[in-house]
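Heads up, the thing below is written out as structure tokens.
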Amino acid sequence: VTTLVVAEHKGDKLGADALSAINAAKCLGGDISILLAGEGVLPIAQHASTVPGVGKVLTADDAVLGKGTAESLAALLVAVQRRRQYTHIAAPSSSFGRNLLPRAAALLDVQPASDVTEVIDADTFVRPIYAGNAMQTIRFPAEGPRLFTVRTSAFPSETAEASTSAEIEAVSQEELAAAKGVDTGSEWVGQDVSTSERPELGSAKVVISGGRALKSAENFQMLYDLADQLGGAVGASRAAVDAGFCPNDMQVGQTGKVVAPDLYIAVGVSGAIQHLAGMKDSKCIVAINTDPDCPIFQVADYGLVMDLFEAIPSLGKEIQKHAK
Amino acid sequence: MKRVLVAVKRVIDYNARIRVKADKSGVETSNVKMSMNPFCEIAVEEALRLKGNKLAEEVVAVSLGPKACQDQIRTAMAMGADRGIHVLTDTELQPLAVAKLLAKIAERESPDMFLLGKQAIDDDCNQTGQMLAALLSWPQATFASKVELEAGERKAVVTREVDGGLETLRLRLPAVVTTDLRLNEPRYATLPNIMKAKKKPIDQLTPEELGVDVAPRLQTVKVEEPPKRKGGIIVHSVEELVDKLRNEAKVL
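Written as structure tokens, this is what we have:
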């Protein structure tokens, strides 16, 4: 078994999603290599080389790969696979991985598996279907390679620092040329990316999510304050995002982010199926809502039937009291 | 644009309860309400808006699968699609096979844009659009929340929902675009349009005619219920909640 994990180039360190994908790859046994493509990838490659279990870091450094468009990256991945013949290729099930991996898979004539939550053996994986209302166990055919994306909330993102560093190798000129030679037809225009001092929603230990009952964007400040007190991240229901209370990248659910923190506090969230799909694997769920019949209480470990505008400030004070 | 193709998938209605079969072979689909995948509805709506704004001349809805898929093609035509294409097969279709069939249809129809939902709410794969773009060597924009045309330039400017926020790409046409939730609110078909849709043509093809091997690549070993969460409790005050979180759940 030899596994290539494709990691997104953002910042100078591997993100929590890449570390989860590496931990999923470890379940397969065998050698693990990391592929990092972009412009100026050396710092992140150096970080990747210190992650325990990583045997090699492959870098593809070129301006063409700088914006991470699927067309170039898929061509690179295919060239790397043709030359190096991994048995498995994994990527986190982030918007990056979901955009890239199926494109590369089609070029390799492989049917990939999405959103793997459990590795049974090198050919057999478990993944959620129907928004997590059923779990499907699938088996790859004997002929490889096996391509899959990893549901990051299902695998730990913790990792120790290794005492030794893995080798960092630049891909060959031929592999790079395959990526540069693609007539992509795609031009990166711009981005509107939120920046926050808070931990990433996908890997935070504590997530506080607000629903439509928050009534306004201003009222979300209560949740930000509580999140800061707990070192957590803030999420939102689809209804809250659609109402314009917060940006789309805060949405938790089947079509937003899937989270599984130690503590999930759902505030004024009714608990539509598509929201539950994004948070029901959290270790401890708290629901605060005035309506005792709403479905969120069916998955909550602790339910509090109370007006959120009363409960949240008082929750902040009570936690503060014990912190002293 | 002359032509926009839209793929529509027949799935269990999003409001229906999902029941796993007792023999673990899959999910019960008999006597369950079936509908068009909600993301496909958004794709149909976007194609119709392009046509409504005189940016596209013709909208063609494509579905693949058993005969009953024609219901979803009729729905798309009742919403306003001009005609339909149905690839008839009773084989379970996985995304790679779907992408290959759609690529063959794209070669026949030469659309300027192929719109698809970003994922289907049954298998939740989120693969078909990306694979179709790869097979056609077309550019792709997945998870679209805004689609604009630069008609003179034959380009589409697409805003995508990505993990950190939004990203905008300019794609040369023809291109594949997959739709996210916030792209639009699909219209309802009116009764007169439902009647009119009955007269619109549906071409029928088979995978054999298109020369595509659709045999599933991944084997489903079993399908099971997810682990159930044990029932929780109702606490009666903020003090009690904090006490439970500190001393019982030990998460504070």
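Sequence order for the protein chains is A and B. Under the numbering used here, the first residue of the first sequence is numbered 1, with each subsequent residue one higher. Under the numbering used here, the first residue of the second sequence is numbered 1001, with each subsequent residue one higher. Where is the CB? At the ideal position from N, CA and C, for every residue including glycine.
Query                                                                                                                   : Result
Status (buried if at least 16 other CB within 10 Å, exposed otherwise) for Gln221(A)                                    : exposed
Simplified DSSP assignment, three categories, for Glu218(A)                                                             : helix
Local conformation of Asp1180(B) per DSSP, three classes                                                                : coil
Span separating the alpha-carbon of Leu224(A) from that of Ala204(A)                                                    : Here residue 224(A) turns out to be Tyr, not Leu, going by the sequence shown. C-alpha separation (whole angstroms): 14 Å.
Pro128(A) vs Asp1243(B) beta-carbon contact at 8 Å                                                                      : no
At least three beta-carbon pairs within less than 8 Å, the stretch 297-306 of chain A to the stretch 233-251 of chain A : no
Beta carbon of His47(A) nearer than 8 Å to that of Lys10(A)                                                             : no
Spatial neighbours of Gly54(A) in its chain, beta-carbon cut-off 7 Å, leaving aside the 5 residues before and after     : Note on residue identity: the sequence assigns Val, not Gly, to residue 54(A). These residues qualify, in order along the chain: Ile22, Ile32, Ile34, Ala48 and Ala166.
Closer than 8 Å to chain B by CB, Cys246(A)                                                                             : no
Whole-angstrom distance between Ala179(A) and Ser172(A), CA atom to CA atom                                             : 11 Å
Where the alpha helix (DSSP H) through Val241(A) begins and ends                                                        : Arg238 to Asp242
Contact list for Arg1154(B) against chain A, beta-carbon separation under 9 Å                                           : Those within 9 Å of Arg1154(B) in chain A number zero; the least Cβ separation is about 11 Å.
Any C-beta of chain A under 8 Å from that of Ala1254(B)                                                                 : The question about residue 1254(B) has no answer, for chain B in this structure spans 1001 to 1252.
Selection from Leu1252(B), His1236(B), Ala1249(B) and Asn1247(B) that minimises the alpha carbon distance to Val305(A)  : His1236(B)
Cβ pair count under 8 Å reaching 3, the stretch 120-135 of chain A against the stretch 1218-1236 of chain B             : yes
Beta-bridge partners of Thr152(A), as assigned by DSSP                                                                  : Its beta-bridge partners do not exist; DSSP assigns none.
With 16 other Cβ atoms within 10 Å as the buried cut-off, status of Gln85(A)                                            : exposed
For Ser93(A), the residue or residues it bridges with in DSSP                                                           : According to DSSP, which records beta bridges pairwise, Ser93(A) is partnered with nothing at all.
Proximal residues of chain B, C-beta to C-beta of Ser237(A) below 7 Å                                                   : The premise fails here: Ser237(A) is roughly 12 Å from chain B at the closest Cβ pair, so nothing lies under 7 Å.
7 Å Cβ cut-off: residues of chain B touching Asp311(A)                                                                  : Looking at the sequence itself, residue 311(A) is Ala, so the reference to Asp does not match. What Ala311(A) touches in chain B: Val1238.
Buried or exposed by the 16-neighbour rule on C-beta atoms within 10 Å, applied to Met1195(B)                           : exposed
Residues near Ile120(A) by beta carbon distance below 6 Å, same chain, minus five either side                           : none
Identity of the residue in Gly1026(B), Phe1143(B) and Leu1136(B) nearest Arg1108(B) by Cα                               : Leu1136(B)
Buried versus exposed call for Pro1253(B) [16 or more other C-beta atoms within 10 Å across all chains shown]           : For residue 1253(B) there is no data in the structure shown, the boundaries of chain B being 1001 and 1252.
Inside the stretch 62-142 of chain A only - beta strand (DSSP E) runs reaching at least 3 residues                      : 88-92, 113-116, 118-121, 124-129 and 134-139
C-beta contact flag for His88(A) and Thr159(A) at 8 Å                                                                   : no
The alpha helix (DSSP H) enclosing Glu1058(B), as first and last residue numbers                                        : No alpha helix (DSSP H) holds Glu1058(B); the beta strand (DSSP E) holding it covers Glu1058 to Gly1065.
Reduced DSSP category for Ser20(A) - H, G, I as helix; E, B as strand; rest coil                                        : helix
Below-8 Å beta-carbon distance, Gln81(A) vs any chain B residue                                                         : no
Chain-ordered chain B contacts of Gly303(A) [CB-CB under 8 Å]                                                           : Gly1232, Ile1233, Ile1234 and Val1235
Reduced DSSP secondary structure (H/G/I, E/B, other) of Asp281(A)                                                       : coil
Strand pairing of Met1113(B), partner residues [DSSP]                                                                   : Val1004(B) and Ala1175(B)
First through last residue of the alpha helix (DSSP H) which encompasses His322(A)                                      : Leu308 to Ala323
Rounded C-alpha distance that separates Leu276(A) from Met135(A)                                                        : 15 Å
Residues sharing a beta bridge with Tyr264(A), DSSP                                                                     : Val207(A) and Ile285(A)
First through last residue of the beta strand (DSSP E) which encompasses His1086(B)                                     : Arg1083 to Leu1088
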